[in-house]
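*Asks:* Heads up, the sequence shown is in the numbering used here, so the first residue is 690 and it goes up one at a time. For glycine and all other residues, C-beta sits at the position ideal for the given N, C-alpha and C. All values reported here derive from a predicted model rather than from experimental measurement. Take this structure first; my questions come after.
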Amino acid sequence: MTDLERLHREAIARPAEDLPRLLYADAVEERDRPGDAELAAFVRVQCKYARLGNYERACPFVGQGPQRWEVGNCSCQGRECVRRERELWPIVRDRFLDKGWGPVVCESAFARGQATTTAPLAIVRRGFIAEVRAPLATLVGDRGEEYETPDGEASWRILPAVLPAIAKSHPLEWAEAVGKRPQHQVIVAENQFWWDWPPPGGSADFAPHYLPPMLFEYLNADEWYPTEHAALAALSRALIAWARAQPLSSSPAQGCEVAVG
Ligand SMILES: [Zn+2]
Numbered sequence: 690m691t692d693l694e695r696l697h698r699e700a701i702a703r704p705a706e707d708l709p710r711l712l713y714a715d716a717v718e719e720r721d722r723p724g725d726a727e728l729a730a731f732v733r734v735q736c737k738y739a740r741l742g743n744y745e746r747a748c749p750f751v752g753q754g755p756q757r758w759e760v761g762n763c764s765c766q767g768r769e770c771v772r773r774e775r776e777l778w779p780i781v782r783d784r785f786l787d788k789g790w791g792p793v794v795c796e797s798a799f800a801r802g803q804a805t806t807t808a809p810l811a812i813v814r815r816g817f818i819a820e821v822r823a824p825l826a827t828l829v830g831d832r833g834e835e836y837e838t839p840d841g842e843a844s845w846r847i848l849p850a851v852l853p854a855i856a857k858s859h860p861l862e863w864a865e866a867v868g869k870r871p872q873h874q875v876i877v878a879e880n881q882f883w884w885d886w887p888p889p890g891g892s893a894d895f896a897p898h899y900l901p902p903m904l905f906e907y908l909n910a911d912e913w914y915p916t917e918h919a920a921l922a923a924l925s926r927a928l929i930a931w932a933r934a935q936p937l938s939s940s941p942a943q944g945c946e947v948a949v950g
């Protein structure tokens, strides 16, 4: 394992800390391939932005409209961070996901309403992908549509799962399957939200609260949650745990350029 790979793993293993990310940025810059200096600068400026207080993060001179930061006269760090982040973003954007994937946005742009919110979506925060939102079939893969082979046999186009490569290359904090919502019932004045197995022979697509059986290895089928958010958070943890347990061979290498073994 090279130093760069070791630092990359460290950044994923310690998602709450900036230091491993900043050390990784230093190593990327030292490698000095085209775009490496910009990626390193991007990681640093996003970490810095995340550490600012709400006042500076909410500076009215950043992001209210196209080019707004260019006319603002504020000298605060929030404005400077976002200006620099946006300068770097077009250069580093393609380092995060294959072009074929949906929108990838940096957090400040998303927070300022500059990005589309249609799925699939990946949000980059503190220099790495922090959140992913996509249909379940995109995240965990699917059998896809049926077609006939030259021998007349029925076969299926396999949709590859994108989540394993992302979850192994990024300190992912949140994964959301668009369209999936827990079942809800009020039982003795108590809210209960839960996920369910599909019926025998049925598909997880049948109802919003049905999930594929493999996710129940990481999710307790009998458990209920007091809020919808708690149920979505449990699903997010299960999706990330499932993704990290998958072999990577089936997915193209994506993410911060570092092949993850
Ligand atoms: Zn300001």
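Quick one: is Pro860 buried, meaning 16 or more other Cβ sit within 10 Å of its Cβ, or exposed?
*Replies:* By the neighbour-count rule (16 or more Cβ atoms within 10 Å), Pro860 is buried.
*Asks:* Whose CB is closer than 5 Å to a heavy atom of ligand 1? List the residues in chain order.
*Replies:* Those residues are Cys748, Cys763, Cys765 and Arg768, given in chain order.
*Asks:* Need the endpoints of the alpha helix (DSSP H) that Ala920 sits in, please.
*Replies:* Counting along the chain, the alpha helix (DSSP H) containing Ala920 begins and ends at Glu917 to Arg933.
*Asks:* Contact between the stretch 775 to 788 and the stretch 722 to 732: three or more CB pairs below 8 Å?
*Replies:* In short, these stretches touch, since the Cβ pair count reaches three.
*Asks:* Anyone know if the C-beta pair for Ile818 and Ile855 falls short of 7 Å?
*Replies:* Yes, the Cβ-Cβ distance between Ile818 and Ile855 is below 7 Å.
*Asks:* Who are the near neighbours of Ser939 in its chain, counting only those whose CB is closer than 8 Å to its CB and skipping five residues on each side?
*Replies:* For Ser939, the pLDDT reaches just 45, beneath the cut-off of 50, and the residue's location in the model is therefore unreliable, leaving the point undetermined.
*Asks:* So, with DSSP's three-state summary, where would you put Pro824?
*Replies:* Of the three classes helix, strand and coil, the one that applies to Pro824 here is strand, per DSSP.
*Asks:* For my contact list, Leu646 and Ala864 are in at a C-beta cut-off of 8 Å; report their separation, rounded to the angstrom.
*Replies:* Beyond the ends of the chain as shown, which are 690 and 950, falls residue 646; an answer cannot be given.
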